[in-house]
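Each residue of the sequence shown is one higher than the last, beginning at 0 in numbering that gives the first Met the number 0.
Backbone N, C-alpha and C define an ideal beta-carbon position, used for all residues, glycine too.
Data first, discussion second: the structure below is written as structure tokens.
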Amino acid sequence: MIGTGPFSATYEEARARFVEAARAAGGALTCHVTPKVVGPTGESLSMDTAWFGPRNARSVLLNTSATHGTEGYAGSAAQLDWIENGGPASLPPDTAVLLVHAVNPFGFAWGLRGTENNVDLNRNWLDHSLPHPENALYAQIHPLLCPKSINDKAMTRLLEEGSRLIAKHGQWAVEDAISRGQYSHPDGFHFGGSDLEWSTATLKQTVETDLAQAEHVAFIDWHSGPVGDGELIFLCFSPPRSPGFRQAESWWGRQALDATHVEQLWGSKRPTRNGILFWGIEQSLAPDTAFAGAVIEFRSAVQKRNAADSLRISMLERWLRFEGGLDAPEAETYLQEIRSDYAPDRESFRTNVIANARTTYAQTLTGLTSWQMRDAAD
Ligand SMILES: [Zn+2]
């Protein structure tokens with residue numbers, strides 16, 4: 000039966016339930032506590048990992064949640080349901096699952112997408128001693144995205160000035176500049192950081208240590224956000240027609256990974272990406288380890304009226320961090336608005352998340368087994 004029970008109300012609850020369920024199911028737990036920040040009730044914040052199956056398994060499914068903080072409610076529920084619904088007991092031979100709960104515990108606990116340093120972890124996994132990817136157009140958009148107050152005047156200005164920039168540079172170039180990641184404005188949108196974040200460094204170390212023996216690694220990074228009701232969008236970052244892409248297609252279907260289909264669900268042409276977990280993890284594995292996977296979005300938000308409304312959720316987060324503070328009178332309403340976009344409490348959303356996660360875990364684990372057998376036969 001599919002219920003909404005695995006959904007938690009807070010990070011603290013989600014973490015406690017994950018740890019308890021993983022322990023009860025025989026998982027080997029590791030707790031990485033963040034050194035510098037705590038949660039809203041003073042609770043310690045941690046990235047918790049649970050390993051199920053043989054330590055020397057040749058095939059491993061690595062599954063992360065809350066890379067984008069508050070998006071973690073759905074991913075955490077999916078992980079908890081997998082544990083509680085008999086996942087660990089029905090692993091195929093020579094296969095293990097490594098669940099990483101709350102890659103960004105600060106964002107999860109406070110209801111924000113970025114880390115304690117306003118960093119977007121899916122822009123951060125880069126060699127920061129090298130020049131950062133450029134994003135010159137962002138500087139022109141930044142002031143529009145960062146008003147002192149989020150009111151009608153600010154939203155009208157964003158629409159009007161935004162239209163001028165779109166007329167000059169094109170719709171996609173402006174959208175891309177906003178979301179591709181930038182390394183020049185620490186108080187801006189999708190800031191990629193100036194060094195590896197604690198979350199990135201901790202995950203990197205986990206991959207290097209725990210997956211050193213793996214020959215085949217499947218990766219699922221649960222996210223939420225795009226408009227919908229718990230349906231999935233598969234964002235595979237392996238080059239089209241590469242072995243990794245073909246592998247992902249064989250698990251989740253060609254249609255699910257088809258570029259046109261994905262862009263239709265996403266709502267526009269896919270933006271440029273740098274510094275994402277997917278590539279960072281792939282590069283942290285041993286050179287002969289085969290890797291395939293995807294960022295998988297649970298669609299969650301409601302349809303917006305216009306472009307300014309679509310940007311409003313990110314503007315609220317930025318305002319709470321840099322203008323009003325998390326103790327501002329507006330904070331409770333703003334945080335609720337952010338949460339209802341990424342983790343609505345609609346029952347239909349929640350049951351769809353659980354049902355779709357179950358299907359995806361089953362497809363991936365079956366796929367891992369045939370991948371292993373096929374490569375062994377070659
Ligand atoms: Zn996300």
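Inset, instruction - Note down the Cα distance separating P185 from E346, rounded to an integer number of angstroms. - result: For the purposes of this step, residue 185 is identified with residue 186 of the sequence shown, where counting begins at 1. For the purposes of this step, residue 346 is identified with residue 347 of the sequence shown, where counting begins at 1. In this structure, the alpha-carbon of P185 lies about 37 Å from that of E346.
Inset, instruction - Identify every residue that forms a DSSP beta bridge with T29. - result: Taking the first residue of the sequence shown as 1, we reach residue 29 at position 30. Answer by DSSP bridge pairing, in chain order: T48.
Inset, instruction - Give a single yes or no on whether T66 has its beta carbon closer than 7 Å to a heavy atom of ligand 1. - result: Taking the first residue of the sequence shown as position 1, residue 66 is located at position 67. T66: yes, Cβ under 7 Å from ligand 1.
Inset, instruction - Could you please give the first and the last residue of the uninterrupted beta strand (DSSP E) stretch that includes D220? - result: Reading the sequence shown from its first residue, position 221 is the one you call residue 220. Where D220 is concerned, the enclosing beta strand (DSSP E) stretches over H215 to S223.
Legend entry - Classification of C235 by the beta-carbon crowding that lies within 10 angstroms, buried from 16 upward: Counting from one through the sequence shown, the residue named residue 235 turns up at place 236. Buried, since its Cβ has 16 or more Cβ neighbours within 10 Å.
Inset, instruction - Measure the beta-carbon distance from I140 to I177 and round it to whole angstroms, keeping in mind my assumption that it falls under 8 Å. - result: Counting from one through the sequence shown, the residue named residue 140 turns up at place 141. Counting from one through the sequence shown, the residue named residue 177 turns up at place 178. At roughly 6 Å, the Cβ-Cβ gap stays under 8 Å, so I140 and I177 are in contact.
Legend entry - Proximal residues to D340 (C-beta, below 6 Å), its chain only, five neighbours per side dropped: The residue given as residue 340 occupies position 341 in the sequence shown. Short of 6 Å from the beta carbon of D340, and not among the five residues preceding or following it, lie these beta carbons of its own chain, in chain order: A300 and I312.
Inset, instruction - Mind checking which residues open and close the beta strand (DSSP E) that includes S58? - result: Within the sequence shown, residue 58 is the residue found at index 59, counting from 1. Its beta strand (DSSP E) spans residues S58 to T63.
Legend entry - Candidates G25, G113 and R349: closest to P104 by CA position: The count along the sequence shown starts at 1 and reaches residue 104 at position 105. Selected option, being the one with the closest Cα: G113.
Legend entry - Bridge-paired residues (DSSP) for T155: In the sequence shown, residue 155 corresponds to position 156, counting from 1. Paired residues: none, contrary to the question.
Inset, instruction - Using only alpha-carbon positions, find the residue among P328, I353 and V173 that is nearest to T271. - result: Translated into positions along the sequence shown, residue 271 becomes position 272. The option with the nearest alpha carbon to T271 is V173.
Legend entry - Inter-residue spacing [alpha-carbon to alpha-carbon] between I219 and R54: Residue 219 sits at position 220 when you count from the first residue of the sequence shown. Residue 54 sits at position 55 when you count from the first residue of the sequence shown. Going from the Cα of I219 to the Cα of R54 covers about 20 Å.
Inset, instruction - Report whether the distance from the Cβ of G4 to the nearest heavy atom of ligand 1 is below 7 Å. - result: Here the question's residue 4 lines up with position 5 in the sequence shown. Relative to ligand 1, even the nearest heavy atom lies 7 Å or more away from the CB of G4.
Inset, instruction - Tell me, to the nearest whole angstrom, how far the beta carbon of H67 is from that of R14; I am working on the premise that it is less than 8 Å. - result: Counting from 1 along the sequence shown, the entry for residue 67 is found at position 68. Counting from 1 along the sequence shown, the entry for residue 14 is found at position 15. With 8 Å as the limit, H67 and R14 do not qualify as a contact, their Cβ atoms being about 17 Å apart.
Inset, instruction - Tell me whether H222 counts as near ligand 1, meaning its Cβ is closer than 7 Å to at least one heavy atom of that ligand. - result: Indexing the sequence shown from 1 puts residue 222 at position 223. H222: yes, Cβ under 7 Å from ligand 1.
Legend entry - The beta strand (DSSP E) enclosing E144, as first and last residue numbers: On the sequence shown, position 145 is the one that residue 144 refers to. With the sequence shown as reference, residue 144 is identified as Leu, and Glu is not the correct amino acid for it. In the DSSP annotation of this structure, L144 is not part of any beta strand (DSSP E); the continuous alpha helix (DSSP H) holding it starts and ends at Y137 to L144.
Legend entry - Ranges of the beta strand (DSSP E) found wholly within the segment 219 to 283, counting only runs of at least 3: You should have 231 to 234.
Inset, instruction - Put K35 into one of helix, strand or coil per three-state DSSP. - result: Reading the sequence shown from its first residue, position 36 is the one you call residue 35. DSSP places K35 in strand when its eight states are reduced to three.
Inset, instruction - Would you tell me roughly how many angstroms separate the C-alpha atoms of N305 and E159, rounded to the nearest one? - result: Locating residue 305 in the sequence shown gives position 306, where the first residue counts as 1. Locating residue 159 in the sequence shown gives position 160, where the first residue counts as 1. Distance between the alpha carbons of N305 and E159 is about 12 Å.
Legend entry - Burial state of N150 (16 or more Cβ within 10 Å): Walking along the sequence shown from the start, residue 150 turns up at place 151. Exposed, since its Cβ has fewer than 16 Cβ neighbours within 10 Å.
Legend entry - Which of helix, strand or coil DSSP assigns to A300: By one-based count along the sequence shown, residue 300 stands at place 301. In this structure, A300 counts as strand in the three-state DSSP scheme.
Inset, instruction - Confirm, please, whether the CB-CB distance from P132 to N273 is below 8 Å. - result: In the sequence shown, counting from the first residue as 1, residue 273 sits at position 274. In the sequence shown, counting from the first residue as 1, residue 132 sits at position 133. Taking 8 Å as the cut-off, the Cβ atoms of N273 and P132 count as close.
Inset, instruction - Compute the beta-carbon to beta-carbon distance between S89 and F17, rounded to the nearest angstrom, for a pair I have assumed lies under 8 Å. - result: As a working note, residue 89 is residue 90 in the sequence shown. As a working note, residue 17 is residue 18 in the sequence shown. Distance from S89 to F17 at the Cβ level is roughly 19 Å; contact not present, criterion being Cβ atoms closer than 8 Å.
Inset, instruction - Between the Cα of F107 and those of S7, G192 and R357, spot the shortest distance and give me the residue it belongs to. - result: Start at 1 with the first residue of the sequence shown, and residue 107 comes out as number 108. Minimum Cα distance to F107 is reached at S7.
Inset, instruction - For S241, count neighbouring C-beta atoms within 10 Å of its own C-beta (all shown protein chains included) and say buried if the count is 16 or more, exposed if not. - result: For the purposes of this step, residue 241 is taken as the residue at position 242 of the sequence shown. Exposed: under 16 other Cβ atoms inside 10 Å.
Inset, instruction - Would you mind reading off the limits of the alpha helix (DSSP H) that contains A13? - result: Within the sequence shown, numbered from 1, the residue matching residue 13 stands at position 14. Run containing A13: Y10 to A23, per the alpha helix (DSSP H) assignment.
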